[in-house]
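The sequence shown maps to residues 45 to 712 in our numbering. Even for Gly, the Cβ is constructed at its ideal location relative to N, Cα and C. It should be emphasised that the depicted structure is a prediction, and the values quoted were computed from it without experimental measurement. Read through the structure below, which is laid out as structure tokens, and then see the notes.
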Amino acid sequence: MTLHNRSRYGRYAGGPDPLAPPVDLAEALEAIAEDVMEGYSPRHALQEFLRRGGRNRDGLDNLARRVQQRRSELLGRHRLDGTLNEVRKLLDTAVLEERKQLARDAMMDNNDRAFREMQLQNLPQSTAAAVNELASYDWQSSSAREAYERIKDLLGREVLDQRFAGMKQALENATDEDREAVSEMLRDLNELLGKHRLGEDTEADFQEFMAKHGDYFPENPQSVEELVDALAKRAAAAQRMLQSMSPEQREELMRLSAQAFGSADLMAQLNQLDDSLRALRPGEDWSGSERFGGQEGLGLGDGTGVLQDIAELDELSEQLSQQYNGSTLDDLDLDALARQLGQNAAVTARTLAEIERAMQDGGYLRRGADGDLRLSPQAMRRLGKSLLRDTAKQLSGRQGGRDTRVAGAAGEQTGSSRQWEFGDAEPWDVTRTITNAIRRTMADGGDPGGGLRLAVGDIEVTETEARTQAAVVLLADVSFSMAAEGRWVPMKRTALALHHLVSTRFRGDRLQLITFGRYAQSMDIGELTALPAFREQGTNLHHGLLLAGRFFRQHPSMQPVLLVVTDGEPTAHLLGDGESWFCWPPDPETIRVTAAELDRLGRAGTQATFFRLGDDPGLERFVRRLARRIDGRVVAPDTGDLGAAVVGEYLRAHFRGRYYDDDWASGI
Numbered sequence: 045m046t047l048h049n050r051s052r053y054g055r056y057a058g059g060p061d062p063l064a065p066p067v068d069l070a071e072a073l074e075a076i077a078e079d080v081m082e083g084y085s086p087r088h089a090l091q092e093f094l095r096r097g098g099r100n101r102d103g104l105d106n107l108a109r110r111v112q113q114r115r116s117e118l119l120g121r122h123r124l125d126g127t128l129n130e131v132r133k134l135l136d137t138a139v140l141e142e143r144k145q146l147a148r149d150a151m152m153d154n155n156d157r158a159f160r161e162m163q164l165q166n167l168p169q170s171t172a173a174a175v176n177e178l179a180s181y182d183w184q185s186s187s188a189r190e191a192y193e194r195i196k197d198l199l200g201r202e203v204l205d206q207r208f209a210g211m212k213q214a215l216e217n218a219t220d221e222d223r224e225a226v227s228e229m230l231r232d233l234n235e236l237l238g239k240h241r242l243g244e245d246t247e248a249d250f251q252e253f254m255a256k257h258g259d260y261f262p263e264n265p266q267s268v269e270e271l272v273d274a275l276a277k278r279a280a281a282a283q284r285m286l287q288s289m290s291p292e293q294r295e296e297l298m299r300l301s302a303q304a305f306g307s308a309d310l311m312a313q314l315n316q317l318d319d320s321l322r323a324l325r326p327g328e329d330w331s332g333s334e335r336f337g338g339q340e341g342l343g344l345g346d347g348t349g350v351l352q353d354i355a356e357l358d359e360l361s362e363q364l365s366q367q368y369n370g371s372t373l374d375d376l377d378l379d380a381l382a383r384q385l386g387q388n389a390a391v392t393a394r395t396l397a398e399i400e401r402a403m404q405d406g407g408y409l410r411r412g413a414d415g416d417l418r419l420s421p422q423a424m425r426r427l428g429k430s431l432l433r434d435t436a437k438q439l440s441g442r443q444g445g446r447d448t449r450v451a452g453a454a455g456e457q458t459g460s461s462r463q464w465e466f467g468d469a470e471p472w473d474v475t476r477t478i479t480n481a482i483r484r485t486m487a488d489g490g491d492p493g494g495g496l497r498l499a500v501g502d503i504e505v506t507e508t509e510a511r512t513q514a515a516v517v518l519l520a521d522v523s524f525s526m527a528a529e530g531r532w533v534p535m536k537r538t539a540l541a542l543h544h545l546v547s548t549r550f551r552g553d554r555l556q557l558i559t560f561g562r563y564a565q566s567m568d569i570g571e572l573t574a575l576p577a578f579r580e581q582g583t584n585l586h587h588g589l590l591l592a593g594r595f596f597r598q599h600p601s602m603q604p605v606l607l608v609v610t611d612g613e614p615t616a617h618l619l620g621d622g623e624s625w626f627c628w629p630p631d632p633e634t635i636r637v638t639a640a641e642l643d644r645l646g647r648a649g650t651q652a653t654f655f656r657l658g659d660d661p662g663l664e665r666f667v668r669r670l671a672r673r674i675d676g677r678v679v680a681p682d683t684g685d686l687g688a689a690v691v692g693e694y695l696r697a698h699f700r701g702r703y704y705d706d707d708w709a710s711g712i
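Structural data, given as structure tokens:
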């Protein structure tokens with residue numbers, strides 16, 4: 045006999061799919077960084093991105109909107125008189141069939157016939173009262189008796205379906221033995237919950253109950269607490285359904301419930317169950333109600349299910365709002381979201397949660413000394429690389445002669461190496477390349493002695509130095525006019541791109557970022573990126589030049605390069621006591637000390653470029669005069685071209701006197 049191994053396949057249900065591709069954080073990081081540079085905190089920026097979503101992905105706001113639409117749809121489609129209408133139809137059928145039988149039965153005593161017809165004719169208008177009055181009626185028609193018995197059966201299945209989803213269908217055409225099994229389950233359940241309320245139940249009690257009655261609980265609870273949770277949610281929804289009915293409907297149903305399966309014991313057991321669940325889960329909404337306005341009638345079980353759906357939608361709405369303390373997207377009930385909005389909505393929410401988790405756990409956000417979240421150096425590097433790539437695209441469109449990435453390939457080696465990138469023409473560092481291949485082979489469990497195969501990631505190239513190292517200062521105007529005129533974020537993007545270029549491609553250089561408003565301040569790239577816009581008057585270029593001079597003096601062997609980005613004339617300067625003097629229009633003393641400090645930098649051989657933003661004639665004249673004093677350059681880029689202009693001038697400073705090509709950027 046041949047045995048065959050058979051495999052069964054299904055949807056993976058063990059948490060995040062281990063085979064799923066890693067979530068792409070590029071769009072999220074760019075959007076978050078953009079908001080951070082606008083002045084928002086990283087936490088707020090992350091929350092805003094998750095709410096907005098991406099270019100091809102819904103965000104939390106859209107999911108929340110769909111949740112509300114689904115809620116409104118349920119309320120607008122249904123009404124809660126389905127069971128009453130079914131009972132009325134069965135009652136009318138029973139009465140009609142009985143009247144037909146009375147008319148056909150020629151052997152019946154006329155007085156008896158007249159009495160019975162009078163009973164049927166004078167039934168109360170209330171459905172519940174009519175059903176109760178006919179409880180002792182001696183039916184002459186078998187079809188009429190069957191229709192009336194179906195009323196009791198329907199009511200029994202409906203009241204059970206209110207507490208145990210699916211009972212209405214499961215007990216259709218049920219036998220007396222089936223109904224007795226349900227009664228036994230209710231007795232055992234009430235006994236278990238009674239012991240649980242007193243703290244006297246054991247795990248064995250629960251296991252014994254589930255072994256005997258587990259088929260009634262498709263939720264497959266794993267503990268008595270999970271069992272209580274499931275039952276309480278359903279029971280509370282049943283109560284909210286009753287509260288949502290009109291007083292007349294509610295009274296009718298309560299009176300009809302006495303006829304459920306023709307058993308008063310059933311209702312007593314259910315009432316005892318409700319009492320236990322209320323005591324065990326008082327936090328459930330036992331008294332709420334909803335306003336239904338549709339045309340589709342619902343029975344007791346289906347109506348309870350709709351109220352459960354509405355409660356689940358309300359929980360999803362709160363989870364999607366993320367407005368409560370300690371909220372994260374890991375709180376989202378993805379199964380509930382799939383039930384209510386479909387599997388695609390759950391996939392979207394899972395992806396957003398992975399983005400949130402990856403941003404916080406993947407090293408892109410970290411807490412500063414003050415406890416606030418900040419963009420990490422890793423995030424800065426990734427963002428800087430992206431911004432530099434954008435800058436490169438702008439530079440690549442300019443005219444030029446050759447690719448300056450190779451302009452030093454034959455020069456003196458610096459002794460350092462870096463990983464090869466597409467387009468690099470520097471010579472390989474063979475030793476480090478082979479070492480990387482050996483380490484990778486051993487890490488993969490291979491034997492280096494059996495031969496090596498190089499991978500692209502193994503290759504490192506030597507860095508060469510065919511230029512003078514530079515000490516570079518980027519002086520960035522942070523007066524409020526920069527933010528008011530839409531130049532705040534482009535200035536920060538420029539600083540990030542330049543910082544990434546210097547730190548990755550020209551690591552022998554030194555870069556200092558200095559901001560100047562009412563005062564000047566040296567900043568690292570993280571501080572500058574997160575710097576909010578201040579409503580503070582003052583453009584203290586004088587203070588900025590003082591800090592730049594100090595930085596240049598710290599690196600006497602390097603070529604000083606000064607890059608000044610500003611949109612206004614100097615309106616402040618530093619006094620001898622360290623205070624800032626502000627005056628508008630510019631005070632002559634402010635102009636004098638600013639020019640004197642610039643002259644001092646010029647005498648030290650500083651290469652200076654001024655980037656003038658805006659078309660103010662006074663600024664244009666002033667910047668042109670400053671540049672002339674130091675034999676510098678003036679560039680007036682559009683705001684969107686600022687990054688390319690600054691990076692281009694930085695490169696020009698390196699290759700001054702050589703054949704410079706702006707198409708250098710095509711290799712980034």
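- Under the three-state reduction of DSSP, Asp309 is assigned to helix.
- In this structure, the CA atom of Arg433 is about 20 Å from the CA atom of Ala697.
- In this structure Lys437 is exposed. Its beta-carbon is surrounded by fewer than 16 other beta-carbon atoms within 10 angstroms.
- Under DSSP, Asp521 shares a beta bridge with Phe560.
- The stretch 418 to 427 makes no contact with the stretch 131 to 151; the number of CB pairs closer than 8 Å stays below 3.
- When the beta-carbon positions are compared, Ser333 and Ser288 come within less than 8 Å of each other.
- Non-local beta-carbon contacts of Met602 in its own chain, meaning distances under 6 Å to residues more than five positions away in sequence, involve Gln513, Ala514, Ala515 in chain order.
- Beta bridge pairing from DSSP links Gly341 with Arg123.
- When beta bridges are read from the DSSP output, Glu504 appears opposite Gln463.
- Per DSSP, Gln283 is one residue of the alpha helix (DSSP H) stretching across 268 to 288.
- If you draw a straight line from the Cα of Ala481 to the Cα of Gly493, it comes to about 12 Å.
- Leaving aside the five residues that flank Gly97 on each side, the residues in its chain whose CB is nearer than 7 Å to its CB run, in chain order, Gly103, Asn106.
- Counting along the chain, Ser547 sits inside the alpha helix (DSSP H) bounded by residues 532 to 548.
- In this structure, Arg673 places its C-beta atom within 8 Å of the C-beta atom of Gly646.
- Unbroken beta strand (DSSP E) stretches of 3 residues or longer found wholly inside the stretch 344 to 411: 409 to 411, given in chain order.
- Excluding the 5 residues flanking it on each side, Asp643 has same chain C-beta neighbours closer than 8 Å at Arg673, Ile674, in chain order.
- Pro604 sits in a strand when the DSSP states are folded into three classes.
- DSSP, read as helix, strand or coil, puts Phe578 in coil.
- With respect to the 8 Å criterion, Ala304 and Gly200 are classified as neighbours on the basis of their beta carbons.
- Our two residues, Gly120 and Gly338, have alpha carbons roughly 5 Å apart in a direct line.
- Taking each of Ile399, Thr372, Leu357 in turn and checking the Cα distance to Gln384, the smallest one comes out for Leu357.
- A residue is called buried when at least 16 other Cβ atoms come within 10 angstroms of its Cβ; Glu504 meets this threshold and is buried.
- At a Cβ-Cβ threshold of 8 Å, Leu230 and Gln313 count as neighbours.
- Proximity of the stretch 114 to 131 to the stretch 150 to 169 falls short of the contact definition, fewer than three beta-carbon pairs being nearer than 8 Å.
- Note on geometry: alpha-carbon atoms of Ala281 and Ile76 lie some 41 Å from one another.
- Boundaries of the alpha helix (DSSP H) harbouring Phe596: 585 to 598, taken from the DSSP string.
- Restricting attention to Thr479, Ala487, Trp464, Leu545, the CA atom closest to the CA of Thr506 is found in Trp464.
- Per DSSP, Gln169 lies in no alpha helix (DSSP H) and is assigned neither H nor E.
- Boundaries of the alpha helix (DSSP H) around Leu642: 632 to 647.
- Residue pairing by DSSP puts Met567 in a beta bridge opposite Leu557.
- In the DSSP secondary-structure assignment, Ser624 is bridged to Leu618.
- Partner residues in the beta bridge of Trp472, as assigned by DSSP, are Val505.
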